[in-house]
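Student:
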Amino acid sequence: MMMHCKRVLPAVILVVGLAACSERKPPAPPTEQQIHSSDSAVTTGEMGRHRYRCSDGEPLFVDYKDNGLQIDLRRSNGGPPMMLTAPAQGLQYVGETATATFKGSQLSIVEGDGRTRICEQEGTR
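Okay, structure coming up:
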């Protein structure tokens, strides 16, 4: 029995030592979807609503829903929504007439006619 322990003990120490030395990767920065998926107190008083200013000078209101997997885009505060969804965090949003992609505080929207608008979140500069 004692001989068996002498053979197993070095192996156990090696495994424990290697586990303690393994590098831990820092967590990846949160995606725009993750940042806004739990919004509950924004200045407009509406859940998850953020205001953007687009390259054409027009405002854009973005409502984050479904844990950040759905966004509703509105050209005015009370305007009709254009709904886009993403299959997972960090992926492109797709709708019937447009797609949208986040990169930092910028939102790039490609509409069905091929027109691209770049919108910057207000208050992040």
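In this note's numbering, each residue carries its 1-based index in the sequence shown increased by 552.
From the three backbone atoms N, C-alpha and C, an ideal C-beta is built for every residue, glycine too.
1) Decide if Asp-615 is buried, meaning its Cβ has at least 16 other Cβ atoms within 10 Å, or exposed.
2) Quick check on this structure: which residue in Ala-580, Pro-579 and His-602 has the alpha carbon closest to the alpha carbon of His-675?
3) According to DSSP, is Asp-615 helix, strand or coil?
4) Would you kindly report the start and end of the unbroken beta strand (DSSP E) that includes Thr-649?
5) Would you mind giving the Cβ-Cβ distance between Gln-644 and Thr-651, rounded to the nearest angstrom? I have them listed as a contact below 8 Å.
6) Does Glu-598 pass the burial test, meaning 16 or more other C-beta atoms within 10 Å, or should it be called exposed?
7) Please classify Gly-631: is it buried, with 16 or more other beta-carbons within 10 angstroms of its beta-carbon, or exposed?
8) Might you give, ordered along the chain, the residues of its own chain that have their beta carbon closer than 6 Å to the beta carbon of Thr-596, omitting 5 neighbours on each side?
9) Buried or exposed: where does Gly-647 fall if 16 or more other Cβ atoms within 10 Å of its Cβ makes it buried?
10) Out of Pro-578, Cys-606 and Pro-639, state which residue places its alpha-carbon closest to the alpha-carbon of Ser-660.
Tutor: Let me spell this out:
1) On the sequence shown, residue 615 is found 63 positions in, with the first residue counted as 1. By the neighbour-count criterion, in which 16 or more other beta carbons inside 10 Å mark a residue as buried, Asp-615 falls on the buried side.
2) In the sequence shown, the residue the question calls residue 675 occupies position 123. Correcting the residue type first, residue 675 is Gly in the shown sequence and not His. Here the closest residue by C-alpha is His-602.
3) Within the sequence shown, numbered from 1, the residue matching residue 615 stands at position 63. In the structure shown, Asp-615 sits in a strand (DSSP, three-state: E or B).
4) On the sequence shown, residue 649 is found 97 positions in, with the first residue counted as 1. Here Thr-649 belongs to no beta strand (DSSP E), and DSSP marks it neither H nor E.
5) One-based indexing of the sequence shown puts residue 644 at position 92. One-based indexing of the sequence shown puts residue 651 at position 99. Between Gln-644 and Thr-651 a beta carbon distance of about 6 Å is seen, short of the 8 Å cut, so the two are scored as contacting.
6) Position 46 of the sequence shown, counting from 1, holds the residue named residue 598. With a pLDDT of 46 at Glu-598, under the threshold of 50, the predicted position of this residue should be treated as unreliable, though the coordinate-derived value follows. Here Glu-598 is exposed: its Cβ has fewer than 16 other Cβ atoms, across all protein chains shown, within 10 Å.
7) Counted from its first residue, the sequence shown places residue 631 at position 79. Label assigned to Gly-631: exposed.
8) For the purposes of this step, residue 596 is identified with residue 44 of the sequence shown, where counting begins at 1. Here the model assigns Thr-596 a pLDDT of 43, short of 50, so the residue's position is not dependable and the matter cannot be decided.
9) Position 95 of the sequence shown, counted from the first residue, corresponds to residue 647. Buried.
10) Taking the sequence shown and counting its residues from 1, one reaches residue 660 at position 108. Closest by alpha carbon: Cys-606.
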